[in-house]
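>
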Amino acid sequence: MDDVIIGRVLTASTLGFHIIFATIGVGMPIVFMVLEFLGIWKKDDKYLTMARRIAKGYTVTVAVGVVTGTIIGLQLSLIWPEFMRLGGQIIALPLFMETFAFFFEAIFLGIFLYTWDRFRNPWHHWLLNIPIVIGSTLSAVFITTVNSFMNTPAGFDLVDGALVNVDPLAAMFNPSVWVRVFHVVATAYMTAVFIIASIGAFKLLRSKFEEDREYHKKGLKVMMVLGLLMAFMTVLAGDFSAKFLHEHQPEKLAAMEWHFETEDNADLILFGVLDEETEDINYAIRIPSVLSFLAGNSFDTEVTGLNDIPEDEHPPLIIHYFFDMMVFFGMYALTVSIIYFIAKFSKFDEHHPALLYAYVLTGPLSMAAIESGWFLAEMGRQPWILRGYMRVSEAVTHADGLGITLIAFVLLYVVLGATCVYVLLKMFQGKSADTERLEMYGEDYKGGRLP
Amino acid sequence: MNYEIIGVTVLWTFLYGYIIVASIDFGAGFFNFYSKLTGDDNVISPIIQRYLNPVWEVTNVFFVFFFVGIVGFYPDTAYYYGTALLIPASIALILLAIRGSYYAFNSYNKEPKLSWTFLYGVTGLLIPASLSMALVISEGGYIVEEEGGIQLQLEELLFSTYGWSVVFLAIITVLYVSSGFLTFYAARAQDTQALELVRRWFLIWTLPMLFISQFVFLGLREHNYEHFLRAQDYWYLFGLSLASMGVAVFLILRRRAFGLAFIMIMMQFAFAFYGYGISKLPYILYPYVEINTAVVNESMAFSLTVAFILGLLLLVPSLVLLMRLFLFDKDYVRGKGNSKY
């Protein structure tokens, strides 16, 4: 394999592994913030126990998120030194700010986790959630601006291979930034919420602790309310993305929709198999004119086709499958949360086993949607590393030993992933939530402090 | 404004901060493992855990800050160090990942495992060793610029006395600084048994510390004579460093003012580290990257400086809060539950 491929695979494995933990890292604080709020407000120690147990599990995922984040931060320079030399002139500011946001979050997370019982007034402890949520969300925002810049560079002029007239803010607030930030944050919140919903539903199906049922039902309800909200935001974000791609990155939209001829009334293609030789699309569901509508809110919007884009700038056509997966898995969670409420407000039992099985899938599938979405976004800008300015092949390192590095890191991720799952499973096995609640809060609610 | 000077001062300060907090952190992890082997863990582990639990993430950020900052202020370093350090930095990253994760895995697992304690204890000594390679390379002589790009002379690096002396300096620093800090922390916790144990560790590491730092100095003379000569101009900084060390050792030997003793240890490293840094200028990577020519464009340097000042306004109060809650809160340090605030 040549270095470009190895470099891409290595970056993809690091990021693919990191975003699992990064997504949880961005989304989960919202979950325990809401739960702790409900617990203090309603004086219900079940919610507090939930918040506390989730925060405990969260710490383990944060640890892996922190180390993999550190890895990707350095790997950018190790694998793509030429890019960082050029891009460093521009992306330094958001990277720097991301570190500040992360620093801020790390400090308050440390305080949060070790002060559950130190405050007389439980609201004081709850306030610590605010800097954590701000810090985690802002780090997602800043790092997304870096990625947006690589997709839609702005804020500089290129003269003889050097960047001049650099405007750091224009680079940060490049054309794609708002759409992407909204999409990233909404889906991270959504995924974290549905992961907790999955766990609740799974425990309702399988837990041997009968006394926990009420606890899990409470949790599931809160997660479904939040999930519905977040899923709607995600759909909105997806719609913005389509319009944005149409305006600014037509080659990505065309490749992900297998749209070859520039035309109005363009069809939306769902699923299907492409014969790359003949450009024939088989087994697909074609929805007439909808692509045009998605791109510009009117059926006669003209959508650029791949044939109007130079051959050596075509993104790989495989991204259509990632697009399908992202949309399908994302929609699945939305549908399931709607069904939950239909069941709840009709005579049907919302905790029917069949439905519980459906809820269990929402978390893993949302995470799969995140992964597919990132594969779509990143592969969709190939062959560019800095779209329009630098190709991936020009940025890769000349150092020896990239192959062995790839093997070492992949092994590391396998081991870390497996141990993480093991620790998380161990953490919540063998002891019912109710026992833990009694340990932490005693028979009567004492307001967030140990009796 | 001289952005190149601002940048390098900021970065050097963060690197200094990292060396202090990471040394405490890494050393504490190692001593925790060592005490398990010798059966002293019931004496010392609670103290170590109480300190490490709330701060381990913060330590890591100091490091991230440094490498994000250096690429930001001096993008050329990304190219040179990025290419040269592919293997050494990847090793360091893998070790960092193992240490960070297994620390958390072990603290949150129901029954801590000795093998996991081993993992984060021993990686704690190997990480400084592998990271110090970057400082060794910065002295020049291990990188060749060729037609196809730059290449690291890995073999030469592996067999260089200077390289190994820096590695040992890094390891001994970790043990010396962290035992110094733990002495202070145990004294605050009023835990006499633990205090005696870590005090002994500290005194054991004093002599190797003195010895290795002289050795590295002489190694520099062999390796980069120019830098060695410039270092002579700042002899007073190195003298102050030695004097601070003397005060620290004296105080701990006489069981007095452990807080002041630790401040003296910090001063000892501050003087030596800044002395080394100042005499290194104008080179960031000898002889390829020079501070004056490699600095990022003016407008980005300005934004970075503004972002940095705003960031500090946010960070410093938060850090103070963290320290007040966990480092300077008597009841917390002594391990008593409390209900203040």
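Chains as they are written, first to last, in our numbering: chain A, 1 to 451; chain B, 1001 to 1341. A virtual CB, placed ideally from N, CA and C, is assigned to each residue, including glycine. All figures in this text were calculated on a predicted structure; none of them were measured in a lab.
1. Among the residues of its own chain, which have a CB less than 8 Å from the CB of residue 165 of chain A, if the five just before and after it don't count?
2. Based on the DSSP output, what are the partners of residue 284 of chain A in its beta bridges?
3. Name the one or two DSSP bridge partners that residue 1283 of chain B has.
4. What residue from A/144, A/74, A/185 has the CA that sits closest to residue 174 of chain A's CA?
5. Can you give the Cα-Cα distance for residue 183 of chain A and residue 1110 of chain B, rounded to whole angstroms?
6. Compare the C-alpha of residue 1249 of chain B against each of B/1013, B/1275, B/1199 and name the closest.
7. Under 8 Å, Cβ to Cβ, is there at least one residue of chain B near residue 228 of chain A?
8. Should residue 212 of chain A be labelled buried (16 or more other beta-carbon atoms within 10 Å of its own) or exposed?
9. Tell whether a beta-carbon distance below 8 Å holds between residue 424 of chain A and residue 60 of chain A.
10. Determine the extent of the beta strand (DSSP E) in which residue 1153 of chain B is found, giving its start and end residues.
11. Which residues in the same chain as residue 11 of chain A place their Cβ atom closer than 7 Å to its Cβ, once the five residues preceding and following it in sequence are excluded?
12. Mapping the DSSP letters down to three states, classify residue 162 of chain A as helix, strand or coil.
13. Would you mind telling me which residues of chain A sit closer than 8 Å to residue 1315 of chain B, beta carbon to beta carbon, in chain order?
14. 8 Å is my cut-off, CB to CB: does residue 426 of chain A come that close to chain B?
15. Just the chain B side, please: which residues come within less than 7 Å of residue 423 of chain A by C-beta, in chain order?
16. Which of the three DSSP states, helix, strand or coil, is assigned to residue 414 of chain A?
17. Taking a Cβ distance cut-off of 9 Å, strictly less, list which residues of the stretch 66-83 of chain A are near chain B, in chain order.
18. Within the continuous beta strand (DSSP E) that includes residue 258 of chain A, where are the two ends?
19. Is the shortest distance between the beta-carbon of residue 1083 of chain B and the beta-carbons of chain A less than 8 Å?
20. Check whether the Cβ atoms of residue 1187 of chain B and residue 1258 of chain B sit closer than 8 Å, and answer yes or no.
21. Could you tell me whether the Cβ atoms of residue 1094 of chain B and residue 408 of chain A are closer together than 8 Å?
22. Taking only beta-carbon positions, decide if residue 19 of chain A is within less than 8 Å of chain B.
23. In terms of residues, what are the limits of the beta strand (DSSP E) holding residue 386 of chain A?
24. At a CB-CB cut-off below 7 Å, which residues of chain B make contact with residue 167 of chain A?
25. Since residue 405 of chain A meets chain D, which of its residues come closer than 9 Å, beta carbon to beta carbon?
26. Comparing alpha-carbon positions, which option in A/265, A/230, A/279 lies nearest residue 185 of chain A?
27. Where residue 232 of chain A and residue 334 of chain A are concerned, what is the direct C-alpha to C-alpha distance, given to the nearest angstrom?
28. Check each residue of the stretch 27-56 of chain A: if its Cβ is closer than 8 Å to any Cβ of chain B, include it; give the result in chain order.
29. Which value, in whole angstroms, describes the spacing of the CA atoms of residue 1323 of chain B and residue 1161 of chain B?
30. So with CB distances below 8 Å, who are the chain B contacts of residue 382 of chain A?
31. Is residue 143 of chain A close to chain B, meaning its C-beta is less than 8 Å from at least one C-beta of that chain?
32. Does the contact criterion of 3 or more C-beta pairs under 8 Å hold for the stretch 388-404 of chain A versus the stretch 1071-1087 of chain B?
33. For the alpha helix (DSSP H) that contains residue 112 of chain A, what are its first and last residues?
34. Listed from N- to C-terminal order along the chain, which residues in the stretch 1316-1331 of chain B have their beta-carbon within a distance smaller than 8 Å of any beta-carbon of chain A?
35. Hey, out of A/285, A/281, A/377, A/71, whose CA is closest to residue 1089 of chain B's CA?
36. So the alpha helix (DSSP H) residue 1138 of chain B belongs to, where does it begin and stop?
Working from what's here:
1. 156, 157
2. A/271
3. B/1290
4. A/144
5. 37 Å
6. B/1199
7. no
8. buried
9. yes
10. Taken as a continuous stretch (DSSP letters only), residue 1153 of chain B belongs to no beta strand (DSSP E), as it is neither H nor E.
11. 75, 79
12. strand
13. 100, 103, 104, 107
14. yes
15. 1105, 1108, 1109
16. helix
17. 66, 67, 68, 69, 70, 71, 73, 74, 75, 76, 77, 78, 79, 80, 81, 82, 83
18. That residue, residue 258 of chain A, is in no beta strand (DSSP E); it is neither H nor E in DSSP.
19. yes
20. yes
21. yes
22. no
23. 384-386
24. 1299
25. The structure shown contains no chain D; its protein chains are A and B.
26. A/230
27. 7 Å
28. 56
29. 40 Å
30. Residues of chain B passing the Cβ test: none, with the nearest at roughly 22 Å.
31. no
32. yes
33. 81-113
34. 1318, 1319, 1321, 1322, 1325, 1326
35. A/71
36. 1114-1138
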